[in-house]
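Under my numbering, the residues of the sequence shown are numbered 19 to 503, in order. We treat Cβ as the ideally placed atom computed from N, Cα and C, and that holds for glycine. Here is the structure we will look at.
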Amino acid sequence: MSDILFTHSYFLRFDPKQWKQQQPYPPLGTLYAASVMRKEGYKISMFDTMFAKKAEEINLYLEKEQPKYVIIYDDGFNYLTKMCLTKMRDAAFEMSEFAKEKGCVVIVSSSDAADNYEKYLDRGADFIVIGEGEQTLLELVNHLNKNNSIEDINGLAFRKEGKTILTSKRDVLRNLDDIPMPAWDLINMDNYKSAWINAWGYFSLNMATTRGCPFKCNWCAKPIYGNRYNVRSPQNVVDELKYLRQHYGFDHIWFCDDIFGLKPGWVKEFADILEKENFRFRFKIQARVDLLLEENNIASLAKSGCETAWVGAESGSQKILDAMDKGTTVEQIYEATKLLKKYSIKPAFFLQFGYIGETLEDIEKTIKMLIDLMPDDIGISVSYPLPGTKFYDKVKEELKEKTNWKHSDELALMFHNTFQPKFYKRLHRLVHKKYRRKQGLKMLENIFSKPSEINFKKINKALSLIYYIPTAAIDSYRLNHLSKL
């Protein structure tokens with residue numbers, strides 16, 4: 019039996035694209051909250067939904083653990099939870115209702131619940147934690163156990179006598195080193211390791227060195243950590259890395275921060291500690307191109323073992339970047355990409371199509387930038403209105419029938435724009451095919467210039483031209499037709 023059953027609403031199987039990729043990461047935010055509550059002396063159990071087939075599986079844990087509290091605490095470090103996918107929301111509703119049937123107190127903390135607390139309260143939740151959750155959750159459970167008033171606890175939404183109460187906003191935590199290490203032992207790490215090894219041949223784990231983002235891209239919502247930026251010390255991060263290596267034997271780390279290494283001097287200090295302790299591993303990060311160009315950051319990243327740097331390139335049109343309040347330039351994207359390659363770090367681009375006012379000329383500039391720079395990988399999305407953003411406010415009147423995607427590959431344009439939704443679905447396919455076609459051409463050139471280095475992988479990529487050349491031409495024709503409708 020346990021006092022608290024933790025779970026989260028991200029079911030990998032409910033997201034076909036992500037299930038196919040088989041790159042599961044443990045629910046880091048959930049494990050942080052569980053660790054805080056366990057440190058306080060509460061008996062904790064966990065229903066990890068990552069590999070579950072349906073929400074009803076929570077009933078096995080409810081019967082076994084008989085918890086007083088069920089806490090649905092989503093991983094705020096997983097960017098997919100910001101999108102509030104409806105399949106995950108429905109699962110959260112189901113688990114909440116199952117828990118209520120067992121007489122449990124239900125507490126929910128997630129981006130979607132923060133934006134739609136009335137809907138969650140309607141479906142069985144007793145309390146919604148809004149914003150950074152650990153301290154709010156701790157105060158709430160302590161107060162409930164002592165039958166104390168909860169109306170003075172910041173960061174809550176709940177109902178009293180049929181009326182919804184929304185308390186004051188909670189300040190974010192500043193000293194992240196004071197937070198105990200995530201409760202990694204609560205999950206079955208073998209499931210994650212097997213998925214990675216079987217699909218990719220290595221094992222990757224996730225870690226956060228920061229919380230929040232001070233930049234103000236007007237399409238990016240920050241319902242959990244806000245616009246403040248706080249960072250763990252490099253030594254604190256290295257200590258956790260050593261723990262994870264010793265207990266779980268990872269090969270690779272995804273630093274899932276919105277922005278890695280923003281604090282001046284942090285990346286260099288991190289690299290120096292790793293070198294001093296002779297601790298080597300491969301990792302990937304998310305970063306901004308303007309920050310990568312500061313303080314020899316790229317050189318320090320290379321020294322510390324950075325393998326891939328994902329950057330929010332978004333668009334090759336300066337007009338669109340400015341409209342997004344991105345604060346970066348197309349020239350910086352070119353410069354940072356070339357410098358990353360110089361230091362043997364693989365650049366990867368997040369690209370976004372469909373922003374307000376985007377024209378064919380803007381789209382062509384983005385495709386040209388992509389083909390010019392040829393990053394190692396790309397992630398393409400369609401502009402998605404997130405509550406709490408200026409972008410959302412501009413288009414919310416058009417979000418009538420549809421306000422969320424069912425899963426991350428739906429890519430539906432939910433507001434009126436330059437072109438109809440079918441155009442952007444076709445554009446997504448075309449850009450991928452043009453990118454893969456260029457990869458095949460480069461590989462074919464490499465085969466002829468360096469025949470001694472030929473292997474099956476290179477031959478296979480070159481042969482992919484047989485598919486990508488004609489299909490890209492067909493998609494170009496269809497896209498041209500859609501652009502005129």
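As DSSP reads the structure, ILE125 sits in a beta bridge with ILE89 and PHE145.
For the pair of segments examined, the region 86-95 was found to touch the region 112-131: the number of CB pairs separated by less than 8 angstroms reaches three. Per the DSSP secondary-structure output, GLY397 pairs in a beta bridge with PHE368. Fewer than three Cβ pairs drawn from the region 265-283 and the region 400-415 lie within less than 8 angstroms of each other, which leaves the two stretches out of contact. Within the model, the alpha-carbon separation for SER399 versus ARG447 is close to 11 angstroms. Proximity to MET113 across ALA73, GLY149 and ASP130 peaks at ALA73, based on C-alpha coordinates.
Contact between LEU158 and ILE62 is absent: CB atoms are separated by about 15 angstroms, not below the 8 angstroms threshold. Exclusion of the five residues before and after SER494 leaves LEU448 as the residues of its chain whose Cβ lies within less than 7 angstroms of its Cβ. With respect to the 8 angstroms criterion, MET19 and GLU83 are classified as neighbours on the basis of their beta carbons. With a cut-off of 8 angstroms on Cβ pairs, the region 436-447 is in contact with the region 370-390, counting three or more such pairs. DSSP places SER222 inside the beta strand (DSSP E), whose first and last residues are 222-225.
Restricting attention to GLU416, ILE146 and ARG300, the CA atom closest to the CA of LYS364 is found in ARG300.
Taking the CA atoms as reference points, ASP133 sits about 25 angstroms from ASN160. DSSP places MET207 in the uninterrupted alpha helix (DSSP H) bounded by 207-218. Inclusion of PRO252 and ILE291 in the CB contact set at 8 angstroms is warranted, their separation being smaller than that value. Residue range 174-178 is occupied by the beta strand (DSSP E) that includes ARG177. As for any alpha helix (DSSP H) of minimum length 4 sitting wholly inside the region 431-477, the runs are 439-467, ordered along the chain. For HIS265, the uninterrupted alpha helix (DSSP H) run begins and ends at 252-266, by DSSP.
With a contact defined as Cβ atoms closer than 8 angstroms, THR25 and PHE65 qualify at about 4 angstroms. Exclusion of the five residues before and after LEU483 leaves ARG455, GLY458, LEU459 and LEU462 as the residues of its chain whose Cβ lies within less than 8 angstroms of its Cβ. The region 173-185 makes no contact with the region 37-48, as fewer than three CB pairs between them are under 8 angstroms. Excluding residues up to 5 positions away in sequence, HIS425 and SER426 lie with their Cβ nearer than 6 angstroms to the Cβ of ASP33 in the same chain. Note on the region 273-346: whole alpha helix (DSSP H) runs with a minimum of 4 residues are 284-294, 307-310, 315-322 and 336-341, in chain order. Secondary structure note for THR48: its alpha helix (DSSP H) is the uninterrupted segment 46-57. Secondary structure at VAL249: strand, using DSSP grouped into helix, strand and coil. Straight through space, the alpha carbons of LEU404 and MET432 are spaced by roughly 11 angstroms.
With respect to the C-alpha of ALA305, the residue from GLY151, ASN422, ILE351 and PHE297 having the closest C-alpha is ILE351. Cβ-Cβ distances below 7 angstroms link PHE29 to THR67, ALA70, MET106 and ALA109 in the same chain, with the five nearest sequence neighbours on each side left out; the list follows chain order.
For the 8 angstroms CB-CB criterion, LEU280 and TYR247 form a contact. Closest in alpha carbon position to PHE116, among ILE22, THR185, LEU80 and PHE95, is LEU80. For MET64, the three-state secondary structure derived from DSSP is strand. Of the candidates TYR453, ASN224, GLY375 and GLY397, the residue whose Cα lies closest to the Cα of ALA491 is TYR453. Counting C-beta atoms within 10 angstroms of its own C-beta, LEU503 has fewer than 16 neighbours from the protein chains shown and is therefore classed as exposed.
Per DSSP, ILE492 is one residue of the alpha helix (DSSP H) stretching across 483-501. For ARG229, DSSP records a beta bridge to ASN248.
Per DSSP, the continuous alpha helix (DSSP H) segment holding LYS35 begins and ends at 34-39.
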